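The next block holds one structure in the form of structure tokens; read it before the comments.
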Amino acid sequence: MVDCFTKVAEAESMKSQDTESFASISFNRWNRQHGVPKSAHGDQVANFESGLYRTVWYLRGL
85 MVDCFTKVAE
95 AESMKSQDTE
105 SFASISFNRW
115 NRQHGVPKSA
125 HGDQVANFES
135 GLYRTVWYLR
145 GL
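For the sequence shown, my numbering assigns the number 85 to the initial residue and increments by one for each residue that follows.
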């Protein structure tokens with residue numbers, strides 16, 4: 085993930101690339117350090133395009 089304001093990039097290892105793992109890592113790690121993002125941009129990979137992840141963003145009001 086990259087912070088658009090500071091351009092700080094952070095990487096996190098994942099055992100699998102399923103939606104649940106990505107959502108867990110992004111919300112548990114990124115949000116604790118940086119707060120809830122106002123927007124998100126993905127490169128059209130399944131992790132961002134899936135119904136579950138879109139639902140999580142919708143529920144967060146993003």
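The beta-carbon is built from N, C-alpha and C at its ideal position, and this holds for glycine as well. On a predicted model such as this, the values are computed, not experimentally measured, just so you know.
Around the Cβ of T90, a 10 Å sphere holds fewer than 16 other Cβ atoms; the residue is exposed. DSSP, reduced to helix, strand and coil, places A93 within a strand of the structure shown.
Contact annotation: M98 and F106 have beta-carbon atoms nearer than 8 Å. In the DSSP annotation of this structure, the continuous segment of the alpha helix (DSSP H) that includes F106 starts and ends at 103-109.
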